[in-house]
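A.B. asks:
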Amino acid sequence: MKVCVGSDSHVYGDAINYATAVVFIREGKGAFTFIRKEREIQKISIKERMLNEVNKSVEIAYAICAVLDAYGVEMEVHADINTDPDFKSNVALRDAMGYILGMGYVFKAKPYAFASSNCADMMV
């Protein structure tokens, strides 16, 4: 079993909708996902919004890591940040990577960050 945590957000006027996905992958037996949705009213930069997504993912990862460690389950934290510098979200890549790796988690960004770019994306 492996667990992947990732968040995504979409802006609608002054509102930002966030979704955080916790994906439990059972090798050869499929997967299932839990979603947490939030809505905030504020205007922020793209970098701050990307880092908010990462923070929401790290909060969930931190909350469940003790249980996963007790059972030897590996975990990844996915960031919905593009590794291509031509995309706006790339401005937060280094900060997000440092935060996630600094917390001791495995870091994945697009195109390998399916928990954020697919699972959470469907819910916002």
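According to the working numbering, the sequence shown holds residues 3 to 126 in order. All C-beta atoms, glycine included, are put in the ideal place defined by N, C-alpha and C.
1. Throw me the rounded Cβ distance for the Asp10 and Asp82 pair, which I believe falls under 8 Å.
2. Assuming Ala94 and Thr22 make a contact with CB atoms under 8 Å, what is their CB distance in whole Å?
3. State whether the segment 64 to 77 contacts the segment 39 to 50, with contact taken as three or more CB pairs (one from each stretch) at a distance under 8 Å.
4. What is the rounded straight-line gap between the Cα of Met105 and the Cα of Lys58?
5. Just list the residues that DSSP pairs Phe116 with in beta bridges.
6. Taking the Cβ atom as the reference point for each residue, do Val5 and Val25 lie within a distance shorter than 8 Å?
7. Assuming Tyr20 and Ala63 form a contact by the criterion Cβ under 8 Å, report the distance between their Cβ atoms to the nearest whole angstrom.
8. Kindly say whether Cys121, judged by its beta-carbon, lies nearer than 8 Å to any beta-carbon of chain B.
9. Within the same chain, show all residues whose beta-carbon is closer than 8 Å to that of Ala115, passing over the 5 residues directly before and after it, in chain order.
10. Which same chain residues end up closer than 6 Å to Met99 when comparing Cβ atoms and leaving out the 5 residues on each side of it in sequence?
11. Can you name the start and end residues of the beta strand (DSSP E) that Asn54 belongs to?
12. I believe Arg38 touches Met3 by the beta-carbon criterion, under 8 Å. Please report the beta-carbon distance rounded to the nearest angstrom.
13. Assuming Tyr101 and Val69 form a contact by the criterion Cβ under 8 Å, report the distance between their Cβ atoms to the nearest whole angstrom.
C.D. replies: Taking the geometry as given:
1. Rounded, the Cβ-Cβ distance is 5 Å, consistent with contact.
2. Incorrect: roughly 17 Å between the Cβ atoms, too far for contact.
3. No: the two stretches stay apart, fewer than three of their Cβ pairs being nearer than 8 Å.
4. Each residue's alpha carbon lies about 13 Å from the other.
5. Paired residue(s): none; Phe116 is not in a bridge.
6. If you check the CB distance, Val5 and Val25 come in under 8 Å.
7. With a Cβ gap of about 15 Å, Tyr20 and Ala63 do not count as contacting.
8. The structure shown contains no chain B; it is built from a single protein chain.
9. Residues Gly8, His80, Ala81, Asp82 and Ile83 of the same chain have their beta carbon placed closer than 8 Å to that of Ala115, with the five preceding and five following residues left out of the count.
10. Here the set comprises Phe109.
11. For Asn54, there is no enclosing beta strand (DSSP E); the residue is found in the alpha helix (DSSP H) stretching over Ile48 to Ala72.
12. Rounded, the Cβ-Cβ distance is 20 Å, inconsistent with contact.
13. The pair is not a contact, with the Cβ atoms about 22 Å apart (cut-off 8 Å).
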